[in-house]
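**Q** Heads up: the sequence shown at position 38 corresponds to 66 in the numbering used here, and the numbers run straight through without jumps. We put the beta carbon where it would ideally sit given N, CA and C, even for glycine.
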Amino acid sequence: MSEWSTKHSGPAIFSETQTLGFLEKVTSEKIQQSLILWVKEISDWSKDKAYLVGHIKVFVEGLENLWLSSTGRSINIKHSQGWSEWTADMVTLNVTAIVFGTSKKVLEEVAQERLKACFNFGTELYK
29 MSEWSTKHSG PAIFSETQTL GFLEKVTSEK IQQSLILWVK EISDWSKDKA
79 YLVGHIKVFV EGLENLWLSS TGRSINIKHS QGWSEWTADM VTLNVTAIVF
129 GTSKKVLEEV AQERLKACFN FGTELYK
């Protein structure tokens with residue numbers, strides 16, 4: 029048995045839905061790059077702490093949609109047909125991270141902190 033499994037018997041799960049309001053229209057590319065960065069940061073943080081990523085998923089809802097998923101390696105990216113040309117002033121963001129080896133509280137703090145840092149360009153978060 030690994031060391032972490034004796035401390036935390038099950039996975040820590042962070043799952044949240046937020047509405048993001050932007051102070052001015054934001055391109056879909058900027059939204060996508062911010063969320064790719066978030067997925068990478070959660071994955072890198074997990075690796076640095078010797079935790080195991082079960083799954084990280086992101087779904088952006090708006091007039092167009094974006095899906096990201098990763099198990100800690102590559103990031104799978106899918107989007108609706110008009111995503112590339114779309115700009116938004118508001119989106120609904122659904123994020124979930126499942127990580128083995130940490131507590132729910134620690135994962136939640138890290139995930140929220142990194143999410144805010146990735147969207148540091150005139151964004152208001154509404155839960």
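Identify whether A145 lies in helix, strand or coil by the three-state DSSP scheme.
**A** Counting from one through the sequence shown, the residue named residue 145 turns up at place 117. If DSSP states are grouped into helix, strand and coil, A145 belongs with the helices.
**Q** Below 8 Å, can you find three or more Cβ-Cβ pairs linking the stretch 49–67 to the stretch 86–96?
**A** Yes, the stretch 49–67 touches the stretch 86–96.
**Q** Hey, would you say A145 sits closer than 8 Å to I70, going by beta carbons?
**A** Counted from its first residue, the sequence shown places residue 145 at position 117. Counted from its first residue, the sequence shown places residue 70 at position 42. Against a cut-off of 8 Å, the Cβ pair of I70 and A145 comes out as no contact.
**Q** Just verifying my parser: in three-state terms, what is the DSSP assignment at Q140?
**A** The sequence position of residue 140 within the sequence shown is 112, counting from 1. Note: Q140 maps to helix in three-state DSSP.
**Q** On the DSSP bridge assignment, give the partners of E44 in chain order.
**A** Here residue 44 refers to the residue found at position 16 when the sequence shown is read from its first residue. DSSP, once it has assigned bridges, lists V123 as partnering E44.
**Q** Do you know offhand how far V239's Cα is from G110's?
**A** Missing from the structure shown is residue 239; the chain here goes from 29 to 155 and no further.
**Q** According to the neighbour-count rule (16 or more other Cβ atoms, all chains shown, within 10 Å of its Cβ), is T130 buried or exposed?
**A** As a working mapping, residue 130 is identified with position 102 in the sequence shown. Buried, by the Cβ-count rule.
**Q** Quick one: using the 10 Å Cβ neighbour count with 16 as the cut-off for buried, is L63 buried or exposed?
**A** By 1-based counting over the sequence shown, the position of residue 63 is 35. That one is buried.
**Q** Is L80 near V134, with beta carbons less than 8 Å apart?
**A** Here residue 80 refers to the residue found at position 52 of the sequence shown. Here residue 134 refers to the residue found at position 106 of the sequence shown. Cβ distance not < 8 Å, so L80 and V134 don't count as in contact.
**Q** Does DSSP classify W66 as helix, strand or coil?
**A** As a position in the sequence shown, residue 66 is number 38, starting the count at 1. Here W66 sits in helix by DSSP.
**Q** Express the C-alpha separation of G49 and K155 in angstroms, rounding to a whole number.
**A** Sequence index remark: in the sequence shown, residue 155 carries index 127 (1-based). Sequence index remark: in the sequence shown, residue 49 carries index 21 (1-based). With a pLDDT of 45 at K155, under the threshold of 50, the predicted position of this residue should be treated as unreliable, and no value is reported.
**Q** Go through its chain and collect everything with a Cβ distance to S74's Cβ below 6 Å, but skip five positions before and after it.
**A** The sequence position of residue 74 within the sequence shown is 46, counting from 1. Contacts found: V81 and V127.
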